[in-house]
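Working notes, beginning with the structure itself.
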Amino acid sequence: MKMNRHFTVPQNNGASTIQWTKRNSKITNPDGSKVFEANDILVPENWSQVAVDILAQKYFRRKGVPKYLKKVQEDGIPEWLQKSIPDTEKLESLKPEDRFGGETSALEVFHRLAGCWTYWGYKYKYFSDEESAKIFYDEIIYMLATQMAAPNSPQWFNTGLNWAYGIDGKSQGHYYVDPSTGKLIKSTSAYEHPQPHACFIQSVDDDLVNEGGIMDLWVREARLFKYGSGTGTNFSNLRGENEPLSGGGKSSGLMSFLKIGDRAAGAIKSGGTTRRAAKMVCLDIDHPDIENFIDWKVTEEKKVASLVTGSMLNNRHLNAIMSACYEMEGEDRFNPKKNSSLKKTIQDAKRVLIPDNYIKRVIDLARQGYKEILFEELTTDWQSDAYNTVSGQNSNNSIRLTNEFMTAVEQDQPWNLYFRTEKEKAKTEGRKPKPSQTLRARELWEKISYAAWASADPGTQYHTTINEWHTCPEDGPINASNPCSEYMFLDNTACNLASANLQKFINLKTLNFDVEGFRYLCKLWTIILEISVTMAQFPSKEIAELSYKFRTLGLGYANLGSVLMILGIPYDSQEAMAITGAISSIMHMTAYATSAEMAKEQGPFAGYAKNQEHMLRVIRNHRRAAYNAPSSDYEGLTITPIGINPAFCPSYMLKAAQEDADSALSLGEKYGFRNAQVTVIAPTGTIGLVMDCDTTGIEPDFALVKFKKLAGGGYFKIINQSVPYGLKKLGYSPSEIEAIVNYCKGHATLNGAPVINTQTLKEKGFTNEILEKVETSLPLAFDINFAFNKFNLGENFLTKNLGISKEVFDSPGFSLLEHIGFTKEEINKANNYVCGTMTIENAPFLKEKDYPVFDCANKCGKYGKRFLSYESHIRIMAAAQPFISGAISKTINLPEEAVIEDIKNAYFLSWKMMIKANALYRDGSKLSQPLNSVLELLNGIEIDDQEEIREATISKDPVQIAEKIVTKYISHRRKLPSRRAGYTQKAIVGGHKVYLRTGEYEDGQIGEIFIDMHKEGAAFRSLMNAFAISVSLGLQHGVPLEEYVDAFTFFKFEPNGIVSGNKHIKMSTSVIDYIFRELAITYLGRYDLGQVAPEDLRGDEIGSKRATEESNVLEKEATVSSLPPKKEVETISYSQMISKEKPSSPSGISLLEEVKLAKIKGYTGDSCSECGSFEMVRNGSCLKCMSCGATTGCS
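Set out below in structure tokens:
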């Protein structure tokens, strides 16, 4: 291909026109502590500090770069393009430790990328001559240096390391296709053929250990993660839980294997840096394990909360118990009957359910002389041990939804789930499969929506829409996506991505879009991505073959939100949709036109002939959308796409979009296409920061001022610099713009600040040197207090100049400004001046009609109220989707107050507007968030009336206690929290389904009930609803649950009789009787009201040893947690053994005695899960039952 210059000139190469400078890079936490540091980095002068930091920390090669290099001669390759290797002769003149180092210049990185691409392109005849290759190289350098575009992270990690530095390593089991012969070859080098692809889709067979099976997938994933790539797989081939196995027995189910893969992914950091392994798990909506899959992350988030809460309670209560053992002398101090303090701490521990054996263990340790127990308190940080312990944290989960399912939801129809073996058998026999289970489609829809509301997963992928736009259906359907859902193609294929920075194509003087410059960039980067396919190696034979065969590319863009803001156009508007469509069409159709030009010279991709008609149909549909054709014109589409509306699109952009659409179709009809796909819209998270993008991908901004938390620690402050240009476009004067911008982002200086400024700080003892340090740190400070910490000011200054002791400034929550005499109100005023309000709302001079231009995904700062609706996100996606080969990676942000119905509507609207995939994030749906607009939600704790009750309890004054409870729980209704725990119990009473749902207070007390008998008559159902409401109101006004239990158990009417679905209750005299038996057992421990006791449900319980009659009646416990405890329920536990006499066992032999007897016999004391006996012995690392032969893992 003949290349022409556009951004560079012949006299200068791409780098010589750029101004370069040396900078230091330092990444810190908000408190000032250091995470990463590098000095004297050569970078383009106009790069922000954030971009410099990202490049240095993430993308510089840190070791193995030789100090001296020499060229390797290669026939047909110009000297300037020849590979380099270490010059061993020169290196020997240096000390061993000085011979190799890391990259220290952005130009080094740009050279290895551009040079490597140009080398492979020249070698395999992509350029008509050497001059075209030189132009290609120069233009790439210029675009990288000016932040016009950037490739995906694996290119930065891997590309050019061998070409530029001779870096090599042992092969990691990769394969590549030789471009000259077309033969598949196993790699012998780790870097000669780089792995530039970020996005992979891999298949998995329902096979445990063979190639292509489950365990093989984890190995293939590991290869990808190691080099910084991500992968997605549809796991619907795997059998569901309890499906029959070919050799007998039953399958452990999909989820057991997903947890293994999740753990493997969690152990790997991508590219050897701090980028987390990226993984997508897809599952078809008709899989038998779909319900467990939907609930996976919801369940694991609960575990994290339990681990965090439990670790804190255990640490505090167990250490309190140990301390109590030392409050008196002698052996009696270990006896709670004699040591009142110990008794009190044990009671406190039991009240919050500290395990009995731990209570006993701590007392035993105290007997041995220990005075403290180390019990690590876990946190909700996503890198903490709490999250590392649970599963499901290393993947994005999506459900594949067909049009049939969506229609079933729409029409409230049943939905069938199928065993995988049955589907395969039915396909072979040419019949319809028999369902393993039938559910209401809306029941599954409810589950999906609740899970997304509660845990931000699963996302949705619209299977039918995806495959109606499939260019190569003759080779199979599209089943899955990459981790971010933008790449969607055949299994065992890969895609390498690049994104253009749209803001670079806005002329900031005329505020017009540079169409010609953008077209040039799209052409050049399409060639780069195509060359990357030629040079690449892949993690498996099949991926290497298919990726080479179909040659899918992923050109996209970033900073659309900023472009719209600069143009003064609200993200939520018809104009925004039209411009989005036009820009997407120009990019997409230019890429396809370039692909057709390459097909003319290199030939179309190998799978084109077989899929020619399908592909041209898809291209024609793309073109129709550019012309906003009526729905009747489209071919083979169920849902009509959103075309470019000419009434809202600038004429020059519309004309360009339609011209490029015409060109792509015309060239494609003549020459075919070199690539099956050419575009996606990726999230551009990290590379977006390298390009200094205010907004990523197709997103609006998350907030005008925000912090991003990086995987390796540390925070970046990101301020949207598009605001002043948007204000200019809207007609505001320079002085008005300055005032509005300063109101939003702050003045970033103490000069002129109210109350807290250089003058007042000097009066407090601050020196000029220290004030200079503070001033330097203020531009990146989210809050003024961050600039006043020991890391920034130095401990020496705090102790010697200000006279503050180390104990004081090291204490948690220490505020220097408060300590030296400033009030919180004064600090807040200064903070608003220095760091800004973080919002444009109520800014001076700004008209309210212009607010929508600056709306963000979330409320901005502490004072912001406005945010974009989820519908606006979906409409922008719908405007771009008709012009994208793959899909759009986008997170639709919803505020914390969003309800489950909003989730349902968003997912449903996405389907209706022809979006291929969607993911939602409700603020607060995760315990830890990588991206936070506000670092802390709460600064203090408010003491409520419950504290008064606790104080009254301590005083042990019954009258005072009663008065408090009457005032709190009788005179006033105790409201339930907005988000509450509880459970749902499904049962069948006398042949009638009953759903009992409960709502609980934070302390676990029951506060409401719901009773659903949806198949009964309206009158009966309404009466049950009214009854449930009256009981709930009573509970919330303090009526003890025991009163309801006494009143309504044994209440008799129909339906009644046999109960199924409840593990304790097998008979009831009525629905009401059943409900209060269930509540009594769950919340009061009243197992006397059930027909099956807890012991009967143990795997180690032997039925013949259980007495047929119970002689002990369990006493009721108080339901108000703050009341002094009544007599405990008699159970066998360590803590009761040390506090009271052991109760007699009506069953003859207690569980404790059976364990003791088993150990005496030489067994471990464990019970067999198969037969219930206590005859377990060690068998390797497992246990084996001497009674029935069962093992716990090994045979």
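All residue numbers for the sequence shown refer to my numbering, where the first residue is 31 and numbers rise by one.
Where a beta carbon is used, it is the ideal one built from N, C-alpha and C, also for glycine.
Nearest candidate by alpha-carbon position, reference residue i, set the options
i            : options                  : result
residue 641  : 840, 500 and 877         : 500
residue 785  : 677, 812 and 848         : 848
residue 750  : 815, 168, 886 and 125    : 886
residue 669  : 957, 715, 436 and 110    : 436
residue 1105 : 319, 1061, 1026 and 1094 : 1026
residue 1012 : 1004, 1059, 522 and 1029 : 1029
residue 682  : 612, 248 and 637         : 612
residue 424  : 297, 356, 659 and 91     : 297
residue 231  : 759, 518 and 467         : 518
residue 362  : 242, 393 and 486         : 393
residue 692  : 432, 677, 560 and 621    : 621
residue 446  : 455, 427, 472 and 426    : 472
residue 381  : 278, 348, 632 and 494    : 348
residue 149  : 194, 186, 134 and 115    : 194
Rounded separation between residue i and residue j - CA only
i            : j            : result
residue 511  : residue 176  : 32 Å
residue 343  : residue 1111 : 25 Å
residue 441  : residue 1024 : 24 Å
residue 31   : residue 159  : 8 Å
residue 208  : residue 570  : 15 Å
residue 65   : residue 216  : 40 Å
residue 334  : residue 128  : 47 Å
residue 603  : residue 308  : 34 Å
residue 47   : residue 698  : 37 Å
residue 332  : residue 416  : 11 Å
residue 293  : residue 524  : 23 Å
residue 354  : residue 339  : 23 Å
residue 1005 : residue 680  : 54 Å
residue 313  : residue 732  : 30 Å
residue 272  : residue 752  : 56 Å
residue 952  : residue 412  : 17 Å
residue 1157 : residue 835  : Unreliable positioning characterises residue 1157 in this predicted model, as indicated by a pLDDT of 32, which lies under 50. The coordinate reading is nonetheless provided below. Approximately 50 Å, taken between the alpha carbons.
residue 562  : residue 711  : 18 Å
residue 248  : residue 265  : 13 Å
residue 86   : residue 315  : 44 Å
residue 241  : residue 183  : 29 Å
residue 1072 : residue 1032 : 20 Å
residue 55   : residue 1113 : 57 Å
Inter-residue CB distance, residue i and residue j (contact presumed, cutoff 8 Å)
i           : j            : result
residue 906 : residue 1041 : At roughly 43 Å, the Cβ-Cβ gap does not stay under 8 Å, so residue 906 and residue 1041 are not in contact.
residue 625 : residue 690  : Contact doesn't hold; Cβ gap of about 12 Å is too wide.
residue 635 : residue 553  : The Cβ separation is near 18 Å, so there is no contact.
residue 515 : residue 947  : 4 Å
residue 526 : residue 584  : 6 Å
residue 113 : residue 104  : 7 Å
residue 912 : residue 756  : With 8 Å as the limit, residue 912 and residue 756 do not qualify as a contact, their Cβ atoms being about 27 Å apart.
residue 801 : residue 818  : 11 Å between Cβ atoms; not a contact.
Residue i Cβ short of 6 Å to the ligand SAH heavy atom set
i           : result
residue 109 : Of the ligands one can find in the structure shown there are none, so the ligand SAH has no counterpart to examine.
Q: Could you pull out every unbroken beta strand (DSSP E) segment of at least 3 residues lying fully inside the segment 197-252, listed in chain order?
A: 205-207, 214-216 and 229-231
Q | Validate contact between the segment 908-924 and the segment 442-461 using beta carbons, cut 8 Å, 3 pairs | A | no
Q | Length at least 4, wholly inside the segment 865-938: the alpha helix (DSSP H) runs in chain order | A | Runs of alpha helix (DSSP H) with 4 or more residues, each lying fully within the segment 865-938, are found at 900-910, listed in chain order.
Q) Do the segment 164-182 and the segment 116-131 make contact, defined as three or more Cβ pairs closer than 8 Å? A) no
Q. Does the pairing of the segment 711-729 with the segment 78-88 give three or more beta-carbon distances under 8 Å?
A. yes
Q. Between the segment 829-843 and the segment 803-812, do three or more beta carbon pairs fall short of 8 Å?
A. Not touching, per the Cβ criterion.
Q | Sequence ranges, alpha helix (DSSP H) only - wholly within the segment 97-172, length at least 4 | A | 118-121 and 136-153
Q) For the segment 235-248 against the segment 396-413, are there 3 or more C-beta pairs whose distance is under 8 Å? A) no
Q: Inspect the CB distances between the segment 528-537 and the segment 173-193 and report whether three or more fall short of 8 Å.
A: yes
**Q.** alpha helix (DSSP H) runs contained entirely in the segment 815-869, provided each spans 4 or more residues
**A.** 820-823, 836-839, 846-849 and 854-864
Q. Is it true that the segment 878-895 meets the segment 592-608, where meeting means three or more beta-carbon pairs spaced less than 8 Å apart?
A. When Cβ pairs closer than 8 Å are counted between the two stretches, the segment 878-895 is seen to touch the segment 592-608, the count reaching three or more.
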